[in-house]
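In this note's numbering, the protein residues as written are 34 to 575.
Cβ atoms here follow ideal geometry from the backbone N, Cα and C, with glycine treated the same way.
All remarks here apply to the structure that follows.
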């Protein structure tokens, strides 16, 4: 009787691409060098961290705390090393890994991995983008009132507490992730966890100063308006920076609403115009760039019309209360109308006169020659939109204010100041959107101790590092090779997102048949991506 050869099918997909990027940046070696081996461990901390990144970038509805389940049916020995089976990648191993990462110092360790990544992939860095976001946590945690006991560079523990929620979950406690990303591909260069009620104004600039040498700074540091203060401007001495100026500052508010001649404006980027003024706010010489955005002006004009409609309802109530009152004389009535009209934000009350009313001693028709007890006056007025107030409000639509301490206009022209600031949306903010995507499944955390939450944040940031680095490298190598991959409509593209490339690998399988290994469903475009990302050994192409 003929026997059927032993057949094993494994779900390989895009995990070989991820594993290859992790290998090239030397993550396992860097982490194991910092953490050191433990007696009897079969999976080192660095290798467990590689497995966690594979899990995080698996893009399945399997959250990170279901660590072991993710690797069922995956070729773990190919991806991680001989002898590493799914049974070894369990929740206990992940917990010990998180404890080891915390003990080594999550921020310092992340910086070392990022430096190793820059050596493996020498991407240019012209600017650093700095920002933060919050992640809510589930479960019961301490009050968070004990505070940090930081005596060195690494906080001993963060506070999981209530604060301003970017997740729109103010009912839950949270922690804050601080990221510093390169302008190239939004690749993160520094991760630091923070308290749930962290103040960006107090945290981000000291973070920059603390890790200044380790970051190997680019030309310019870009921060949001929360960091623009006299204290921070002094602390940023020696940095070149671009920041948004808060509209709450008196000087900024006056400039944003100022009526300016058309000839004073200069074109910047498409859809933007601006003008420059000099400032010495906080004792620091700087250039202020007043920017006006056409698209933003259109959006704010629509918002202004909604404000006018809402204000009209409130103004009618004010008019109703005034017309229901009685006044001792016409002058009192006119004065009350003028005061109420001045308090209306976008409308005015127009005086139409007064109506005299006589008050008699008794109800009914007064007797001949009877004198009234009092004579009072009621206002007659109408409500209309105050075009002067509306025009004053419209004058600042679409405007915002940027500042830089780079005084050389040739070295950093106005359009480049705006471009650097706009890059914030495609670098660090794009990274936050990636981490909060439901497919990433790490927007909320379920760990029991703040120390492990800090380490899990590092895993999330490293997953972003691997993803952003892989996308940048693939796009660059496609361009250099004059090659392309199919997009969602089957058309060639040299700028695919790495998520789409991962989607292309969905049906790639690894098969063991009779002691021989095969990779199924590998098309020419798969081979192109594998070759350009140096992942040949994971797809049996070497």
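query = Apart from the five residues on each side of it in sequence, which residues of its chain come closer than 6 Å, Cβ to Cβ, to residue 568?
reply = 49, 50, 53
ask   = Cα separation between residue 497 and residue 346?
value = 49 Å
message = Just to confirm the assignment, what range does the alpha helix (DSSP H) spanning residue 63 have?
response = 60 to 68
For residue 56, three-class secondary structure by DSSP = helix
Through-space distance from residue 434 to residue 308, alpha-carbon basis = 10 Å
request  = Could you tell me if residue 197 is buried or exposed, where buried requires 16 or more neighbouring beta carbons within 10 angstroms of its beta carbon?
outcome  = exposed
key: Coil, strand or helix - residue 191 by DSSP   = coil
message = Based on DSSP bridge pairs, tell me the residues matched to residue 525.
response = 519
key: Straight-line gap, residue 151 to residue 201 (C-alpha atoms, nearest Å)   = 35 Å
message = Since residue 530 and residue 504 should fall inside the 8 Å C-beta cutoff, what is the C-beta to C-beta distance between them, to a whole number of angstroms?
response = 7 Å
key: Residue from 77, 80, 319, 135 whose Cα sits closest to the Cα of residue 442   = 319
message = Starting from residue 211, trace the alpha helix (DSSP H) in both directions and tell me its first and last residue.
response = Looking at the DSSP string, residue 211 is not in any alpha helix (DSSP H); the run it does join, the beta strand (DSSP E), is 207 to 215.
task = Starting from residue 326, follow its DSSP beta bridges and name the residues at the other end.
result = 305
query = When the Cα of residue 62 is compared with those of 258, 47, 83, which residue comes out closest?
reply = 83
ask   = Going straight from the alpha carbon of residue 462 to that of residue 209, what length do you get?
value = 14 Å
ask   = Would you report the Cα separation of residue 161 and residue 225, rounded to the nearest angstrom?
value = 15 Å
Residue 238 beta carbon less than 8 Å from that of residue 453 = no
ask   = Should residue 39 be labelled buried (16 or more other beta-carbon atoms within 10 Å of its own) or exposed?
value = exposed
query = How is the alpha helix (DSSP H) around residue 552 delimited, first residue to last?
reply = Careful: residue 552 lies outside any alpha helix (DSSP H), inside the beta strand (DSSP E) at 549 to 553.
key: Distance CB(residue 436)-CB(residue 278) smaller than 8 Å   = yes
inquiry  = Going by C-alpha to C-alpha distance, which of 128, 44, 119, 79 sits closest to residue 484?
reply    = 128
inquiry  = On a Cα-Cα basis, can you pick out the residue from 103, 363, 189, 515 that is closest to residue 482?
reply    = 189
ask   = Beta-carbon separation of residue 348 and residue 416 under 8 Å?
value = yes
ask   = Helix, strand or coil for residue 321 per DSSP?
value = strand
message = I'd like to confirm the pairing. Which residues does DSSP put opposite residue 167 in its beta bridges?
response = 209
task = Return the residue from the list 240, 342, 401, 294 that minimises the CA-CA distance to residue 165.
result = 240
ask   = In terms of residues, what are the limits of the alpha helix (DSSP H) holding residue 558?
value = 557 to 565
Span of the alpha helix (DSSP H), counted from its first residue to its last, around residue 500 = 483 to 514
key: Given residue 85 as reference, the closest of 299, 74, 124, 154 once Cα atoms are compared   = 124
query = Starting from residue 274 and walking both ways along the alpha helix (DSSP H), at which residues does that stretch end?
reply = Premise fails: residue 274 lies in the beta strand (DSSP E), 274 to 277, not in any alpha helix (DSSP H).
ask   = Is the region 332 to 342 close to the region 282 to 289, with three or more CB pairs under 8 Å?
value = no
query = Quick one: what does DSSP say residue 105 is sitting in, helix, strand or coil?
reply = coil
request  = Over the uninterrupted beta strand (DSSP E) stretch that includes residue 286, give me the two end residues.
outcome  = Careful: residue 286 lies outside any beta strand (DSSP E), inside the alpha helix (DSSP H) at 283 to 290.
query = For residue 466, which residues does DSSP report across the bridge?
reply = The partner list for residue 466 (beta bridge, DSSP) is empty, contrary to what the question assumes.
query = DSSP on residue 140, reduced to helix/strand/coil?
reply = helix
message = Taking a contact to mean a Cβ-Cβ separation below 8 Å, would you say residue 60 touches residue 146 in this structure?
response = yes
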